[in-house]
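S.K.: This is the structure, below, for whatever I ask next.
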Amino acid sequence: MKNLHDRINSRVHILALAVAALFLLLTPSRVSADVYAQLEGYWQCQEDGEPVTLEFKSRQQLLYNGEAFDYQLAPGTIQVREGASLVNYLFMLEKGALMILSQDGSVTQCQKARKPKAAQTKQKSHRSAPQSHQAQSPDQGWPPVYARPQRNIDEDNPDAQALLYKFAGRWDHVTSNTLTNLFLKPDGTYEQAYEAGYSGQFADQGGYQTGHWDATGAQQAHGRWKVVGGLRQGKLYLVDQNGRESVYNYQVHIRGSEIYWGEYFFNGQIYSVKYIYR
116 MKNLHDRINS RVHILALAVA ALFLLLTPSR VSADVYAQLE GYWQCQEDGE
166 PVTLEFKSRQ QLLYNGEAFD YQLAPGTIQV REGASLVNYL FMLEKGALMI
216 LSQDGSVTQC QKARKPKAAQ TKQKSHRSAP QSHQAQSPDQ GWPPVYARPQ
266 RNIDEDNPDA QALLYKFAGR WDHVTSNTLT NLFLKPDGTY EQAYEAGYSG
316 QFADQGGYQT GHWDATGAQQ AHGRWKVVGG LRQGKLYLVD QNGRESVYNY
366 QVHIRGSEIY WGEYFFNGQI YSVKYIYR
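Position in the sequence shown (from 1) plus 115 gives the number in our numbering.
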């Protein structure tokens with residue numbers, strides 16, 4: 116009964132968040148001056164039962180689990196730059212609580228908190244030694260020779276050749292109105308394409324269709340990529356044509372006791388492999 120109550124509450128929260136965000140989106144395009152003042156700072160959150168952290172460092176940059184992302188505020192929406200894509204997250208603020216609705220329908224619930232000293236120290240050391248972050252980026256040692264590994268692979272500590280052989284391919288992320296294609300090529304280069312499409316119909320007062328509208332948007336990026344980690348989880352580094360680096364935490368899709376090796380979560384969004392270079 117408690118689980119049923121929790122599920123009902125969760126659905127009510129989602130509905131309330133969506134209605135509030137829709138109201139804001141239909142209001143004249145103006146972001147309240149104090150919205151950022153309420154968001155600024157450190158938040159402790161729960162996302163799919165897992166603890167995560169969110170910190171609004173400035174009006175243009177936020178930290179998600181310590182990783183920096185550019186963003187901008189729109190009425191009822193946080194627009195986050197993820198690689199070549201600008202991803203919309205609906206949000207609602209209420210009495211020191213923050214609720215965020217992702218495009219896949221999942222809800223992140225946050226509470227304002229004091230940033231732990233360890234997290235502050237870690238962030239300071241990261242700023243004082245940016246070269247250590249650059250050392251993890253794609254470099255001259257990547258990619259290795261693209262070939263099928265000839266020996267057994269350690270899932271937790273595979274070599275670079277095994278990682279290249281595993282991840283080289285076309286990975287797709289699909290929502291109801293967006294499509295993201297990520298081509299990770301064996302030569303260490305990548306191409307990323309993002310498309311968004313919307314459609315609707317005009318109708319008169321009697322409900323008869325009198326026309327229709329369509330609007331689409333597309334973005335593209337290319338550059339170099341590298342994977343660091345294991346077959347189950349690790350980090351994917353993308354450096355685009357302008358030298359800008361994006362870091363994706365990846366984790367294989369596990370449901371119950373079954374592992375779906377053709378599906379991975381990249382920064383929480385599920386991608387499935389559609390083409391493998393063989």
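Glycine included, C-beta positions come from ideal geometry on N, C-alpha and C.
#1: Expressed to the nearest angstrom, what Euclidean distance is found between the alpha-carbon atoms of F282 and A152?
#2: Quickly, what does DSSP pair T290 with across the bridge? List them, please.
#3: Measure the C-alpha to C-alpha separation of V367 and K230 and round it to an integer number of angstroms.
#4: Quick test of the definition: if touching needs 3 or more C-beta pairs under 8 Å, does the region 154 to 161 touch the region 294 to 307?
#5: Report all residues from its chain with a CB closer than 6 Å to the CB of Y309; omit the five preceding and five following residues, and keep chain order.
#6: Taking the beta carbon of E170 as the centre, do at least 16 other beta carbons fall within 10 Å, making it buried, or is it exposed?
#7: Helix, strand or coil for Q384, going by three-state DSSP, please let me know.
#8: Taking DSSP's pairing of strands, which residues face I374 in a bridge?
#9: Per DSSP, what kind of secondary structure is Y204 in: helix, strand or coil?
#10: Beta strand (DSSP E) containing L178: first to last residue?
#11: Closest by CA to R285, which one among P166, Q175 and I391?
#12: Could you pull the start and end residues of the beta strand (DSSP E) that V222 belongs to?
#13: Tell me whether G191 is buried or exposed, calling it buried when 16 or more other Cβ atoms sit within 10 Å of its Cβ.
#14: Compute the Euclidean distance between the alpha carbons of L178 and Y280, then round it to the nearest angstrom.
#15: Taking 7 Å as the limit between beta carbons, can you name the residues of its chain near W376, skipping five residues before and five after?
#16: Short check: CB of F381 to CB of Y352, under 8 Å?
M.R.: Once the coordinates are examined:
#1: 41 Å
#2: BP columns for T290 are empty, so no partner.
#3: 30 Å
#4: no
#5: A199, S200, T295 and Q334
#6: buried
#7: strand
#8: I369
#9: strand
#10: Q176 to Y179
#11: I391
#12: V222 to K227
#13: buried
#14: 31 Å
#15: V367
#16: no
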